[in-house]
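Undergrad: If you scroll down you'll find the structure; I have some questions about it.
There are 2 protein chains.
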Amino acid sequence: MTSNFEALFDYVQKLSGKILSADEKQVFIAHFKPKKLRKRQYFLQEGDICKYTAFIVKGSARTFTVDEKGHEHILKLCIENWWLNDFESFYQLTPSRFNIQALEDMEILQITNALVEEFIKPIPAFSAMQNVISQNFTIAAQKRMESAISRSGEERFQELVNEYPHFLQRFPQNMIASYLGLSPETLSRIRKNSLK
Amino acid sequence: MTSNFEALFDYVQKLSGKILSADEKQVFIAHFKPKKLRKRQYFLQEGDICKYTAFIVKGSARTFTVDEKGHEHILKLCIENWWLNDFESFYQLTPSRFNIQALEDMEILQITNALVEEFIKPIPAFSAMQNVISQNFTIAAQKRMESAISRSGEERFQELVNEYPHFLQRFPQNMIASYLGLSPETLSRIRKNSLK
DNA sequence: TGTATTTAATGACATAAGTCAAGACGCAGT
DNA sequence: ACTGCGTCTTGACTTATGTCATTAAATACA
Numbered sequence: 001m002t003s004n005f006e007a008l009f010d011y012v013q014k015l016s017g018k019i020l021s022a023d024e025k026q027v028f029i030a031h032f033k034p035k036k037l038r039k040r041q042y043f044l045q046e047g048d049i050c051k052y053t054a055f056i057v058k059g060s061a062r063t064f065t066v067d068e069k070g071h072e073h074i075l076k077l078c079i080e081n082w083w084l085n086d087f088e089s090f091y092q093l094t095p096s097r098f099n100i101q102a103l104e105d106m107e108i109l110q111i112t113n114a115l116v117e118e119f120i121k122p123i124p125a126f127s128a129m130q131n132v133i134s135q136n137f138t139i140a141a142q143k144r145m146e147s148a149i150s151r152s153g154e155e156r157f158q159e160l161v162n163e164y165p166h167f168l169q170r171f172p173q174n175m176i177a178s179y180l181g182l183s184p185e186t187l188s189r190i191r192k193n194s195l196k
Numbered sequence: 197m198t199s200n201f202e203a204l205f206d207y208v209q210k211l212s213g214k215i216l217s218a219d220e221k222q223v224f225i226a227h228f229k230p231k232k233l234r235k236r237q238y239f240l241q242e243g244d245i246c247k248y249t250a251f252i253v254k255g256s257a258r259t260f261t262v263d264e265k266g267h268e269h270i271l272k273l274c275i276e277n278w279w280l281n282d283f284e285s286f287y288q289l290t291p292s293r294f295n296i297q298a299l300e301d302m303e304i305l306q307i308t309n310a311l312v313e314e315f316i317k318p319i320p321a322f323s324a325m326q327n328v329i330s331q332n333f334t335i336a337a338q339k340r341m342e343s344a345i346s347r348s349g350e351e352r353f354q355e356l357v358n359e360y361p362h363f364l365q366r367f368p369q370n371m372i373a374s375y376l377g378l379s380p381e382t383l384s385r386i387r388k389n390s391l392k
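Sequence lines, in order, name chains A and B.
Its first residue numbered 1, the first sequence is counted upward by one per residue in our numbering.
Its first residue numbered 197, the second sequence is counted upward by one per residue in our numbering.
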């Protein structure tokens with residue numbers, strides 16, 4: 001098995017502020033399954049239950065919905081050292097309203113809800129990490145909602161430039177537009193104007 | 197002290213699925229301080245640190261920001277059996293970007309971060325409740341962000357009518373408009389049209 | 001290397017929403 | 001009952017953003 005668990009261990013230790021013992025690392029290795037996804041492949045499709053949560057070792061993905069007019073709306077863009085799942089569906093075992101799709105070839109480490117509860121959550125570093133993530137996510141969701149409600153497209157784009165400049169390198173502009181809640185044409189024009 | 201702790205006990209027990217012992221109830225009574233706020237009074241002002249979190253026994257409040265043009269944007273509307281705080285500021289002890297203001301006369305039960313950590317969090321029902329709240333909040337924040345990004349003003353209003361019809365009775369229309377990210381004039385016109 | 005596919009830019013036009021100003025209405029306080 | 005303030009509605013106009021169509025450029029891939 002060539003997949004890189006080191007990234008996962010580093011991540012858990014960094015966020016939790018706790019060290020993982022060799023035994024604990026073995027528990028991770030025993031229950032997380034390495035998997036590859038090719039570009040455009042789906043990790044989750046609308047209507048399905050999100051059976052797995054996965055740690056991203058390599059690559060990127062998007063979480064999106066499709067509205068009645070057939071337009072896609074990206075809610076999250078995820079890269080290395082991030083978790084891939086639909087939180088709501090994963091914990092409540094309800095059908096998901098979202099699609100999760102690889103934007104580049106990916107290497108992930110995935111695990112079911114049942115195995116997390118039984119083997120992984122009892123590891124103190126892991127549950128400490130979960131609390132930190134939950135707190136960060138809540139704060140981030142609130143910020144993003146604030147800017148969606150109170151800022152113009154141009155202002156939201158400038159925020160993205162400041163906070164996640166690497167996203168602009170990494171993702172095509174139409175994905176960024178969808179993430180910002182704009183049409184690709186509008187984002188193209190915003191960029192043109194902001195070069196003034 | 198006439199303030200009604202029963203609402204708080206019921207709430208904690210309901211969300212956690214655990215019963216509070218008489219001793220545990222005494223811990224709540226010893227550390228939560230009853231307080232009254234008059235309509236328009238501030239619970240938190242932008243730039244201050246959110247020292248308290250408070251349980252709402254009676255009344256309502258709004259959390260809002262003021263942008264460069266002096267426009268207010270409401271991020272949350274809170275009523276009975278809800279918590280009043282700026283999550284980010286309260287836990288990280290950083291200056292808040294938000295204002296929290298009573299919309300009606302209020303009765304609340306407030307407590308500092310330090311006292312929560314020392315006395316309240318050790319109560320199992322309380323920390324179980326916190327996990328449930330954090331999960332619900334995360335899911336709700338994601339839903340609201342989704343609709344802010346992908347739906348029109350009219351669609352967002354219809355969602356509110358379906359999900360929180362009592363808000364329409366209780367809050368003035370200009371507050372609802374701000375909560376939806378619309379100008380009061382636009383909401384007035386949306387309502388007129390939707391009576392068709 | 002050539003061809004197909006995806007992505008980005010642009011113009012012309014349509015639609016949604018904001019802005020400003022005026023007036024009507026209702027309610028609180030005296 | 002009067003007054004004043006806050007709230008809601010409406011009209012006229014402006015601005016932001018979406019839509020559709022076309023072309024150009026970049027990229028994938030065979």
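Ideal placement from N, C-alpha and C gives every residue a C-beta, glycine not left out.
Under 7 Å Cβ-Cβ, which residues of chain A neighbour Ala337 of chain B?
TA: As a first step, residue 337 of chain B is located in the second sequence; it is residue number 141 there, counting from the start. Within chain A, the residues near Ala337 of chain B are Thr138, Ala141, Gln142 and Met145.
Undergrad: Note down the Cα distance separating Ser186 of chain A from Asp86 of chain A, rounded to an integer number of angstroms.
TA: As a position in the first sequence, residue 186 of chain A is number 186, starting the count at 1. As a position in the first sequence, residue 86 of chain A is number 86, starting the count at 1. Looking at the sequence itself, residue 186 of chain A is Thr, so the reference to Ser does not match. Straight-line Cα distance between these residues: approximately 29 Å.
Undergrad: Leaving aside the five residues before and after His31 of chain A along the sequence, list all residues of the same chain whose C-beta is less than 7 Å from its C-beta, in chain order.
TA: For the purposes of this step, residue 31 of chain A is identified with residue 31 of the first sequence, where counting begins at 1. Here the set comprises Ile111, Leu115, Phe119 and Ile120.
Undergrad: So is Ala310 of chain B in contact with chain A if we call contact Cβ pairs under 7 Å?
TA: Within the second sequence, numbered from 1, the residue matching residue 310 of chain B stands at position 114. No, Ala310 of chain B lies away from the interface with chain A (no Cβ there is under 7 Å from its Cβ).
Undergrad: What is the DSSP secondary structure of Pro124 of chain A, counted as helix, strand or coil?
TA: What you label residue 124 of chain A is simply residue 124 of the first sequence in a count that begins at 1. Of the three classes helix, strand and coil, the one that applies to Pro124 of chain A here is helix, per DSSP.
Undergrad: Out of curiosity, what's the CA-to-CA distance linking Leu20 of chain A and Asn370 of chain B?
TA: Counting from one through the first sequence, the residue named residue 20 of chain A turns up at place 20. Counting from one through the second sequence, the residue named residue 370 of chain B turns up at place 174. Taking the straight line joining both Cα atoms gives about 53 Å.
Undergrad: Mind checking which residues open and close the beta strand (DSSP E) that includes Tyr42 of chain A?
TA: For the purposes of this step, residue 42 of chain A is taken as the residue at position 42 of the first sequence. Here the beta strand (DSSP E) through Tyr42 of chain A covers Tyr42 to Leu44.
Undergrad: If we count Cβ pairs, one from each stretch, closer than 8 Å, do we get three or more for the region 142-158 of chain A versus the region 36-44 of chain A?
TA: At 8 Å Cβ cutoff, the stretches do not touch.
Undergrad: Can you pull the chain B residues whose beta carbon is under 8 Å from the beta carbon of Thr65 of chain A, in chain order?
TA: Here the question's residue 65 of chain A lines up with position 65 in the first sequence. Simply Glu342 and Ser346.
Undergrad: Would a C-beta distance cut-off of 7 Å place Ser212 of chain B and Met325 of chain B closer than the cut-off?
TA: In the second sequence, residue 212 of chain B corresponds to position 16, counting from 1. In the second sequence, residue 325 of chain B corresponds to position 129, counting from 1. A contact, by the Cβ cut-off of 7 Å.
Undergrad: Determine whether the Cβ of Gly243 of chain B lies closer than 7 Å to any Cβ atom of chain A.
TA: Sequence index remark: in the second sequence, residue 243 of chain B carries index 47 (1-based). No, no contact with chain A.
Undergrad: I'd like to know whether the C-beta atoms of Lys214 of chain B and Ala373 of chain B end up nearer to each other than 7 Å.
TA: Position 18 of the second sequence, counted from the start, is the residue given in the question as residue 214 of chain B. Position 177 of the second sequence, counted from the start, is the residue given in the question as residue 373 of chain B. Their beta carbons are not under 7 Å apart, which means Lys214 of chain B does not touch Ala373 of chain B by this criterion.
Undergrad: Tell me whether the beta-carbon of Leu109 of chain A lies closer than 7 Å to the beta-carbon of Leu44 of chain A.
TA: As a working mapping, residue 109 of chain A is identified with position 109 in the first sequence. As a working mapping, residue 44 of chain A is identified with position 44 in the first sequence. It is not a contact, given that the beta carbons lie outside the stated cut-off.
Undergrad: Taking C-alpha atoms, which residue in B:Phe353, B:Pro380 and B:Ile319 lies nearest to Asp219 of chain B?
TA: As a first step, residue 219 of chain B is located in the second sequence; it is residue number 23 there, counting from the start. The shortest C-alpha separation from Asp219 of chain B is found at B:Ile319.
Undergrad: Roughly how many angstroms separate the alpha carbons of His73 of chain A and Leu182 of chain A, rounded to a whole number?
TA: Locating residue 73 of chain A in the first sequence gives position 73, where the first residue counts as 1. Locating residue 182 of chain A in the first sequence gives position 182, where the first residue counts as 1. About 9 Å.
Undergrad: Excluding five sequence neighbours on each side, which residues of the same chain lie with their C-beta closer than 6 Å to the C-beta of Leu271 of chain B?
TA: The count along the second sequence starts at 1 and reaches residue 271 of chain B at position 75. Contacts found: Thr259.
Undergrad: For a test of the three-state rule: what should DSSP assign to Leu356 of chain B, helix, strand or coil?
TA: Locating residue 356 of chain B in the second sequence gives position 160, where the first residue counts as 1. It is helical.
Undergrad: Contact between the region 49-59 of chain A and the region 328-335 of chain B is defined here as three or more beta-carbon pairs at a separation below 8 Å; is this criterion met?
TA: Touching, no.
Undergrad: Kindly list, in the order they appear in chain B, the residues whose Cβ is closer than 7 Å to that of Gln135 of chain A.
TA: Position 135 of the first sequence holds residue 135 of chain A. Near Gln135 of chain A (Cβ distances below 7 Å), the residues of chain B are Tyr287.
Undergrad: For Lys235 of chain B, name the three-state secondary structure that DSSP assigns.
TA: Within the second sequence, residue 235 of chain B is the residue found at index 39, counting from 1. Reduced to three states, the DSSP call for Lys235 of chain B is coil.
Undergrad: Any C-beta of chain B sitting closer than 7 Å to the C-beta of Gly17 of chain A?
TA: Against the first sequence, residue 17 of chain A aligns to sequence position 17. Not closer than 7 Å to any Cβ of chain B, the Cβ of Gly17 of chain A fails to qualify, so no.
Undergrad: Along the region 64-87 of chain A, what residues have a CB closer than 8 Å to any CB found in chain B?
TA: From the region 64-87 of chain A, only Thr65, Asp67, His71, His73, Leu75 and Phe87 have a Cβ closer than 8 Å to chain B.
Undergrad: Please name the residues in the region 371-386 of chain B whose beta-carbon is closer than 7 Å to at least one beta-carbon of chain A, in chain order.
TA: Hits within the stretch, in order: Gly377.
Undergrad: Could you give the DSSP three-state label for Asn295 of chain B: helix, strand or coil?
TA: For this step, residue 295 of chain B is matched to residue 99 along the second sequence. If DSSP states are grouped into helix, strand and coil, Asn295 of chain B belongs with the strands.
Undergrad: Taking the runs of the alpha helix (DSSP H) that are 4 residues or longer, which of them lie wholly in the region 18-93 of chain A?
TA: Runs of the alpha helix (DSSP H) inside the region 18-93 of chain A: 22-31 and 87-92.
Undergrad: Just mark Ser194 of chain A as buried or exposed, buried being the case when its beta carbon has 16 or more other beta carbons within 10 Å.
TA: For the purposes of this step, residue 194 of chain A is taken as residue 194 along the first sequence, with counting starting at 1. Looking at its Cβ environment, which holds fewer than 16 other Cβ atoms inside 10 Å, Ser194 of chain A is exposed.
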